[in-house]
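The structure appears below as structure tokens.
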Ligand code: HEC
Ligand code: HEC
Ligand code: HEC
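Residue numbers (the numbering used here): 23 to 295.
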């Protein structure tokens with residue numbers, strides 16, 4: 023049989039084209055398809071940070087921690103409080119705020135004239151602070167499926183909007199010891215109307231065998247060197263929580279306390295520290 027080159031060459035080019043075209047398209051197509059994003063909620067965190075979602079799902083225990091935070095993220099009263107609130111009065115249906123953001127975390131009283139309130143007919147929190155009515159609810163639900171899933175949970179802890187930090191990507195990091203979360207050496211968390219573990223950071227810094235470790239970390243500056251909620255600096259104390267509650271590697275330099283002389287009646291009585 024005589025092979026006709028006139029037929030073979032176009033067939034060869036067609037076959038080559040079928041194989042090469044997807045690669046060529048993949049190389050040249052996507053960079054020009056710019057997605058505009060006005061909100062961190064448009065970002066698909068898990069497409070890039072899949073490993074984080076897998077870590078959360080790696081055991082029943084880690085899944086439990088994720089579920090607890092997902093429940094908190096699904097509570098609009100709490101997410102709204104996280105962004106604006108200083109004190110939540112459930113019987114009045116008000117989240118008290120403070121006009122002066124520099125007093126956020128300094129134990130100053132909430133301003134009785136400055137609050138947001140729940141409007142049942144709208145099912146929203148309303149902001150009356152500057153005399154201008156506006157909707158104030160912070161709702162992390164974004165994908166149309168009821169409840170909190172996937173990236174919605176990421177933004178519970180990472181939303182710059184909630185933390186009051188200005189960034190290009192609208193994503194920031196704060197620690198577990200944020201005053202709106204589990205609290206720190208200088209104060210219990212403010213969210214006691216929502217859950218009991220607001221005391222964790224405070225308890226860890228006082229009256230506790232691990233207090234020295236926790237407080238030493240609090241005196242170290244954080245890799246995330248900025249202030250959240252107007253005035254609270256992110257310190258490294260939260261790494262202590264991560265040290266105990268994850269499999270992350272911890273490098274400790276433990277200084278032993280002075281020995282207690284059990285056989286000497288006159289030795290000053292002290293607690294174990
Ligand atoms: C297109 C990929 C991509 C998407 C989508 C994405 N990220 Fe990232 N993210 C990155 C890369 C790459 C880095 C590492 C940057 C670096 O090393 O400085 C990063 C870093 C981070 C960090 C660490 C910042 C630091 O200083 O350590 C956080 C937190 C984070 N991303 C959260 C998120 C969250 C939450 C979302 C979704 C709302 C998201 N990212 C969406 C690619 C992405
Ligand atoms: C319960 C709060 C919480 C949730 C939920 C959460 N993060 Fe984080 N994330 C943190 C904290 C705290 C850090 C800082 C950890 C550190 O300093 O080592 C962090 C660090 C990161 C980092 C940087 C460090 C790294 O390991 O790469 C990325 C990226 C990140 N988170 C992405 C995500 C994504 C994506 C999700 C959702 C799947 C998510 N986070 C959900 C609290 C959270
Ligand atoms: C020295 C190790 C250690 C450190 C540091 C530590 N934890 Fe814990 N945590 C534990 C242990 C152990 C338990 C279980 C205690 C119990 O059941 O009484 C626990 C329990 C908890 C619980 C309750 C869990 C539940 O299901 O009710 C929360 C929430 C918690 N820790 C958060 C934190 C936070 C936030 C920090 C940092 C401020 C922190 N932990 C620091 C060891 C630690």
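Even for Gly, the Cβ is constructed at its ideal location relative to N, Cα and C.
Just so it is clear, the structure is predicted and the values come from calculations on it, not from any experiment.
Its Cα nearest to that of residue 244, the residue 198 stands out among 198, 61, 110. In this structure, the alpha-carbon of residue 204 lies about 8 Å from that of residue 224. The region 125-188 is shown to contain whole beta strand (DSSP E) runs of 3 or more residues at 137-141, 146-149, in chain order. The residue among 99, 112, 114, 135 with its C-alpha nearest the C-alpha of residue 120 is 135. Remark: the C-beta of residue 191 is in contact range of ligand 1, defined as less than 8 Å to any heavy atom.
In this structure, residue 92 lies away from residue 216, with their beta-carbon atoms at least 9 Å apart. Residue 234 carries a helical assignment under DSSP once its states are collapsed to helix, strand and coil.
Here the alpha carbons of residue 213 and residue 242 stand approximately 25 Å from one another. Using a 10 angstroms sphere on the CB of residue 26, the tally of other CB atoms stays under 16, which defines it as exposed. In this structure, residue 195 and residue 246 form a Cβ contact; the two beta carbons are roughly 5 Å apart against a cut-off of 8 Å. In the structure shown, the three-state DSSP call for residue 284 is coil.
If the five residues before and after residue 63 are omitted, its C-beta is found closer than 6 Å to the C-beta atoms of 164, all from its own chain and listed in chain order. Annotated three-state conformation of residue 91 is helix, per DSSP. Assigned with DSSP and collapsed to three states, residue 116 falls in strand. Under the criterion of beta carbons closer than 8 Å, residue 184 and residue 101 qualify as touching, at roughly 7 Å. Secondary-structure assignment with DSSP links residue 255 through a beta bridge to 249.
For residue 65, the closest alpha carbon among the candidates 176, 161, 211, 78 is that of 176.
Distances from the alpha-carbon of residue 114 to those of 201, 61, 103, 139 put 139 closest.
In this structure, the beta-carbon distance from residue 84 to residue 78 falls below 9 Å. Here the C-alpha atom of residue 259 lies approximately 25 Å from the C-alpha atom of residue 81.
Taken atom to atom, the span from the alpha-carbon of residue 133 to that of residue 118 is near 7 Å. If you draw a straight line from the Cα of residue 272 to the Cα of residue 284, it comes to about 32 Å. Proximity of the beta carbon of residue 222 to ligand 3 is indicated: a heavy atom of the ligand is located closer than 8 Å. When rounded, the separation of the alpha-carbon atoms in residue 279 and residue 291 is 14 Å.
The three-state reading of DSSP puts residue 243 in strand, counting E and B together. Shown here for residue 108: same chain residues with a beta carbon closer than 6 Å to its own, the five before and five after excluded, namely 118, 119, 120, 132 in chain order.
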